[in-house]
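A quick write-up on the structure given underneath.
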Amino acid sequence: MRRTWWATLPVAILAVAACSSSGDTVETSGTTAAPATTAVAAQATTTTGVTGDDVELAGGRLVVPAQNVGDVDLTRLPVGDDSISTTGPAQGMLYLCPEFPTDGGGAGVEGPWFNGDGTFDLTAKLAVEGDVTWPEAEFTQVVEGDSRVLTGTNLPVDQSTGTFPIAADDPVHQYDSNPNSIFVNEYSIEIPAAPTEAASPGCVGGEVGFLLNGVVLNSPVDAEGRDAVAWEGQDPCQGHPNPLDGYHHHSISPCVPDEGTGQSEVVGFALDGYPITGHRGADGEVLTNADLDECHGTTSEITLDGEQVTTYHYAATWEFPYTVGCYHGTSAIQGPVFTPGG
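Laid out in structure tokens, this is it:
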């Protein structure tokens with residue numbers, strides 16, 4: 017099946033933990049569905065200098081519109097393994113909480129999409145096979161007073177997934193043999209509807225928010241503290257399961273709609289309550305780390321809950337750390353969003 021990342025989806029939302037304003041109510045819903053150390057930021061993303069054609073990913077099973085790629089060269093994205101700090105935030109880096117475990121499992125072998133020079137080719141990365149739909153998928157967000165309440169089953173609304181566990185005859189299996197299954201994982205989470213800046217940036221753990229497809233957004237590292245987008249076996253919508261969260265993303269899924277050519281839409285929310293927008297900035301330009309602050313965010317006018325507001329928000333990039341690099345506000349959840357057996 018061939019997808020475009022702006023294919024119609026119901027409006028949804030964002031909030032989560034790890035792989036590791038008035039009384040008005042606004043509601044939208046969709047149903048169907050070794051420790052890291054301080055390091056320097058990865059090299060800047062290579063740009064081609066031109067904005068060209070739509071880009072095919074996952075062997076042509078997914079098409080990303082040209083306006084959401086710009087002049088970023090998706091064939092030479094920096095691998096973010098060394099762009100992680102446990103001591104403080106910095107532009108283009110992930111501020112990872114020191115207690116985040118990095119001794120778990122993950123992809124065992126570099127795939128052929130690694131270029132051998134510290135970069136990887138996203139257009140050549142293999143995607144997990146399969147086209148599985150999830151009728152149990154549900155997602156609702158409601159603004160109640162000072163809180164935004166996110167409720168769902170952590171299955172992608174109006175979106176299919178790959179087949180997990182990864183089958184032995186799937187070409188991805190030789191690089192990542194992920195044995196985990198996708199399952200219903202119900203949540204109901206309150207985050208600030210009008211978040212405020214914290215006294216100092218906060219570190220992130222496993223989950224960092226929820227996307228509008230109803231799926232949890234994890235930080236950009238795998239269970240070994242590596243760049244998850246570069247290493248992991250993921251499906252065309254850039255998702256996969258682990259035993260705690262179930263299905264999740266480590267970056268903004270290209271299957272979450274981000275239409276138009278101007279400022280990107282809100283595609284999710286971080287656990288501190290701030291919105292997350294797509295790849296395009298205020299003038300419609302495709303953003304890179306150089307355009308964003310130490311937490312991977314910026315302040316601009318966006319559409320939020322049907323109104324034009326000027327607010328701080330995180331933004332997506334094609335380069336690590338992809339979304340939330342640290343918390344600009346205070347996370348509403350301390351520790352994992354999902355707990356074993358909970």
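Heads up, the sequence shown is in my numbering, so the first residue is 17 and it goes up one at a time. We put the beta carbon where it would ideally sit given N, CA and C, even for glycine. What you are looking at is a predicted structure, and each value in this text was computed from that prediction instead of being measured.
Indicate whether Gly-289 and Ser-280 have their beta-carbon atoms separated by less than 8 Å.
Their beta carbons are not under 8 Å apart, which means Gly-289 does not touch Ser-280 by this criterion.
Going by Cα to Cα distance, which pick from Ile-318, Asp-307 and Gly-313 is closest to Gly-278?
For Gly-278, the closest of Ile-318, Asp-307 and Gly-313 by C-alpha to C-alpha distance is Ile-318.
Would DSSP call Pro-187 helix, strand or coil?
Three-state result, Pro-187: helix.
Beta-bridge pairing of Trp-268 - partner residues as DSSP gives them:
Note on identity: in this sequence residue 268 is Ile, with Trp being the wrong assignment. Its beta-bridge partners do not exist; DSSP assigns none.
Quick one: what's got a C-beta closer than 6 Å to Glu-202's C-beta in the same chain, skipping five residues either side?
In its chain, beyond the 5 residues on either side, Thr-169 have a beta carbon closer than 6 Å to the beta carbon of Glu-202.
Please list the terminal residues of the continuous beta strand (DSSP E) segment that includes Ala-286.
In the DSSP assignment, Ala-286 falls within the beta strand (DSSP E) that extends over 282 to 286.
Assigned exposure category for Val-79 - 16 Cβ within 10 Å defines buried:
Taking a 10 Å sphere around the C-beta of Val-79, we find 16 or more other C-beta atoms and assign the residue as buried.
Range of the contiguous beta strand (DSSP E) that encloses Val-232:
For Val-232, the enclosing beta strand (DSSP E) begins and ends at 232 to 234.
Ignore the nearest five residues each way along the sequence and tell me which others in Pro-356's own chain have a CB closer than 8 Å to its CB.
So the list reads Leu-260, once near-sequence residues are dropped.
Thr-346 beta carbon less than 8 Å from that of His-312
No, they are not a contact pair.
Considering just the uninterrupted stretch of the alpha helix (DSSP H) at Ala-244, what are its terminal residues?
For Ala-244, the enclosing alpha helix (DSSP H) has its first and last residue at 244 to 247.
Assuming Trp-334 and Val-88 form a contact by the criterion Cβ under 8 Å, report the distance between their Cβ atoms to the nearest whole angstrom.
About 5 Å separates the two Cβ atoms, so the contact holds.
Is it right to say Thr-326 is buried, meaning 16 or more other beta carbons lie within 10 angstroms of its own, or is it exposed?
By the neighbour-count criterion, in which 16 or more other beta carbons inside 10 Å mark a residue as buried, Thr-326 falls on the exposed side.
Span separating the alpha-carbon of Tyr-330 from that of Gly-249:
Whole-angstrom Cα-Cα distance: 25 Å.
Measuring only the C-alpha atoms, how far is Gly-221 from Phe-116?
Looking at the two C-alpha atoms, the distance is approximately 6 Å.
Report the three-state DSSP secondary structure of Asn-258 (helix, strand or coil).
Per DSSP, reduced to three states, the secondary structure at Asn-258 is strand.
Check Leu-138 in the structure and name its three-state DSSP category.
Looking at Leu-138 - three-state DSSP - the assignment turns out to be helix.
Between the Cα of Gly-122 and the Cα atoms of Val-144, Pro-252, Val-237 and His-264, which residue gives the shortest distance?
Measuring from the Cα of Gly-122, the nearest candidate turns out to be Val-237.
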